[in-house]
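My numbering numbers the first residue of the sequence shown as 185 and each following residue consecutively.
The next block holds one structure in the form of structure tokens; read it before the comments.
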Amino acid sequence: MLTLIKANPNKLPAGEVWLVGAGPGDPELISVKGLRLIRQADVLVYDRLVACELLTEARADAQMIDVGKRPGHHPVPQHQIEAVLILHARAGKSVVRLKGGDPFVFGRGGEEMLSLKAAGIPVHVVPGITAASACAATAGFPLTQRNIATSVCLTTAHYADEKDHTHWQSLAADRSRTLVFYMGLASLAKIRSGLMQHGLPASTPAALIENGSRDEQRTCYCTVSDIDWVARNHKLQSPCLLVIGDVVALAAQNNNTAQTANALSA
Ligand code: SAH
């Protein structure tokens, strides 16, 4: 029994929005608070990466709004998502905006929070387990480790415009930093060459984790020199996370699954 949980009102306050992290895919990896909010909300606005089991927890009369896709498979534009949140909050509804992972890690939660605040709508943020934590845990390596990695960088090579804003020199310079690339699948060749041209050794361990924490998770262990080849060879699909750094090699010492996956991708 979670006796420490604050007494919860049966009904959420009207006209407010909660940006809730749904976690990485395994529905059990949502927070207790996040689950309670799903169960109480009048309106649920959710993304493609949210586990469908969590959606079944909503009230039978809750309004469910999928902004992950629309006919033609294009995601709903960000300004429209923000408009939907504002519309329902202004109509006096309690709105839960459910996002994959953590709302503030490449989740555009910051943009939504600012729009809601600008519209005068109270907004609350409930953190979630981000893909980096979940993928490291399920792939069997830590993100930091004494004497191996003293910092972690959550980054991307994917930008709103077509330009490359990545500071490759800085990313390649620090061997004691674990690099985690979100949305990296389409840019693996660019990531490989950017890092190696700036001095990251070709033998640096890397892992590609597809569908981290879900039943269908696939993990490929390789070196930074091979990331694009391995992804092509295994036909890896989104969502896929790339982790680069010496900590990844600890997976091989950690469990047999890692060794099997390693052998598969060799
Ligand atoms: N807010 C999310 C990230 C959204 S950006 C979070 O905190 O996790 C989307 C990217 O996250 C994907 O392209 C992928 O790189 C990564 N991602 C999200 N869920 C993932 C999962 N279950 N397995 C692997 N990568 C994942």
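Ideal placement from N, C-alpha and C gives every residue a C-beta, glycine not left out.
With a CB to CB cut of under 8 Å and the five nearest residues on each side skipped, what residues in its chain are close to Val310?
As a working note, residue 310 is residue 126 in the sequence shown. Taken in chain order, the residues that qualify are Trp202, Leu203, Val204, Gly205, Ser215, Lys217, Gly218, Leu221 and Pro287.
With respect to the alpha helix (DSSP H) encompassing Ile411, which residues constitute its N-terminal and C-terminal limits?
Along the sequence shown, read from residue 1 onward, the residue named residue 411 stands at position 227. Counting along the chain, the alpha helix (DSSP H) containing Ile411 begins and ends at Ile411 to Asn417.
Roughly how many whole angstroms lie between the Cα atoms of His351 and Val431?
Walking along the sequence shown from the start, residue 351 turns up at place 167. Walking along the sequence shown from the start, residue 431 turns up at place 247. Between His351 and Val431, the C-alpha separation is close to 22 Å.
Using the C-alpha atoms, what's the distance from Leu233 back to Gly293?
Taking the first residue of the sequence shown as position 1, residue 293 is located at position 109. Taking the first residue of the sequence shown as position 1, residue 233 is located at position 49. So the two alpha carbons sit approximately 14 Å from each other.
Indicate, with yes or no, if the ligand SAH has a heavy atom lying under 7 Å from the CB of Asp399.
For the purposes of this step, residue 399 is taken as the residue at position 215 of the sequence shown. No, the ligand SAH has no heavy atom inside 7 Å of this Cβ.
Between the beta-carbon of Ile313 and the beta-carbon of Gly285, is there less than 8 Å?
Indexing the sequence shown from 1 puts residue 313 at position 129. Indexing the sequence shown from 1 puts residue 285 at position 101. Going by C-beta atoms, Ile313 is nearer than 8 Å to Gly285.
Give the C-beta separation of Ala198 and Val227 to the nearest angstrom, bearing in mind that I take them to be a contact with Cβ-Cβ under 8 Å.
The residue you call residue 198 lines up with position 14 of the sequence shown. The residue you call residue 227 lines up with position 43 of the sequence shown. So it is not a contact: roughly 11 Å between Cβ atoms.
With Gln155 as the anchor, note down where its beta strand (DSSP E) starts and where it stops.
Past the boundaries of the shown model lies residue 155; the chain is included only from 185 to 450, so the question cannot be answered.
Less than 8 Å between the beta carbons of Leu271 and Arg281, yes or no?
As a working mapping, residue 271 is identified with position 87 in the sequence shown. As a working mapping, residue 281 is identified with position 97 in the sequence shown. No; because the gap between Cβ atoms is not below 8 Å, this pair is not in contact.
Can you find a CB in chain D that lies within less than 8 Å of the CB of Thr403?
The structure shown has no chain D; it contains just one protein chain.
Going by Cα to Cα distance, which pick from Ala373, Arg398, Gln401 and Phe365 is closest to Leu426?
What you label residue 426 is simply residue 242 of the sequence shown in a count that begins at 1. With distances taken between Cα atoms, Leu426 lies closest to Phe365.
Tell me which residue opens and which closes the alpha helix (DSSP H) that Arg281 is part of.
As a first step, residue 281 must be located in the sequence shown, where it is residue number 97. Per DSSP, Arg281 lies in no alpha helix (DSSP H); the unbroken beta strand (DSSP E) holding it starts and ends at Val279 to Lys283.
With distances taken Cα to Cα, identify the nearest neighbour of Val229 among Asp210, Glu212 and Glu266.
Here residue 229 refers to the residue found at position 45 when the sequence shown is read from its first residue. Considering only alpha carbons, the answer is Glu266.
Alpha carbon to alpha carbon, how far is Glu200 from Glu400? Give it in angstroms, no decimals.
On the sequence shown, position 216 is the one that residue 400 refers to. On the sequence shown, position 16 is the one that residue 200 refers to. If you take the alpha carbons of Glu400 and Glu200, they lie about 36 Å apart.
DSSP state of Leu384, grouped into three classes?
Mapped onto the sequence shown, residue 384 falls at position 200. It is coil, neither helix nor strand.
For the ligand SAH, is there a heavy atom less than 7 Å away from the beta-carbon of Asp245?
Looking up residue 245 in the sequence shown gives position 61. For the ligand SAH, not one heavy atom lies less than 7 Å from the Cβ of Asp245.
With a threshold of 7 Å, establish whether the CB of Ile214 neighbours any heavy atom of the ligand SAH.
Taking the first residue of the sequence shown as 1, we reach residue 214 at position 30. Checking every heavy atom of the ligand SAH against the Cβ of Ile214, none is found closer than 7 Å.
Is Leu434 closer than 8 Å to Gln329 when the C-beta atoms are compared?
In the sequence shown, residue 329 corresponds to position 145, counting from 1. In the sequence shown, residue 434 corresponds to position 250, counting from 1. Cβ distance < 8 Å, so Gln329 and Leu434 count as in contact.
Between which two residues does the alpha helix (DSSP H) harbouring Ser354 extend?
As a working note, residue 354 is residue 170 in the sequence shown. Looking at the DSSP string, the run of the alpha helix (DSSP H) that includes Ser354 is Trp352 to Ala357.
Could you name the residues of the same chain whose beta carbon sits closer than 7 Å to that of Gln421, not counting the 5 residues immediately before and after it, in chain order?
As a working mapping, residue 421 is identified with position 237 in the sequence shown. Excluding sequence neighbours, Gln421 sits near Glu394.
Count the other CB atoms, across all protein chains shown, that sit within 10 Å of the CB of Lys301; report buried if there are 16 or more and exposed otherwise.
Against the sequence shown, residue 301 aligns to sequence position 117. Counting Cβ neighbours within 10 Å, Lys301 comes out exposed, since fewer than 16 surround it.
When the Cα atoms are used, what is the spatial distance from His258 to Met367?
Looking up residue 258 in the sequence shown gives position 74. Looking up residue 367 in the sequence shown gives position 183. So the two alpha carbons sit approximately 17 Å from each other.
Cα separation between Ala450 and Cys406?
Taking the first residue of the sequence shown as position 1, residue 450 is located at position 266. Taking the first residue of the sequence shown as position 1, residue 406 is located at position 222. In this prediction, Ala450 scores a pLDDT of 41, lower than 50, which makes its location untrustworthy; the coordinate-derived value is nonetheless stated afterwards. Distance between the alpha carbons of Ala450 and Cys406: 7 Å.
Does the beta-carbon of Glu212 have 16 or more other beta-carbons within 10 angstroms, so that it is buried, or is it exposed?
Locating residue 212 in the sequence shown gives position 28, where the first residue counts as 1. Counting Cβ neighbours within 10 Å, Glu212 comes out exposed, since fewer than 16 surround it.
Based on Cα-Cα distance, which residue from Ser354, Gly276, Thr388 and Asp348 lies nearest to Lys374?
The residue given as residue 374 occupies position 190 in the sequence shown. Of the candidates Ser354, Gly276, Thr388 and Asp348, the one whose C-alpha sits nearest the C-alpha of Lys374 is Asp348.
Asn194: beta carbon under 7 Å from a heavy atom of the ligand SAH?
Indexing the sequence shown from 1 puts residue 194 at position 10. No; taking the cut-off as 7 Å, the Cβ of Asn194 has no heavy atom of the ligand SAH nearer than that.
Pick from Ala390, Arg398 and Pro423: whose alpha carbon is nearest that of Ile411?
Within the sequence shown, the letter at position 227 stands for residue 411. Of the listed residues, the one whose Cα sits closest to Ile411 is Ala390.
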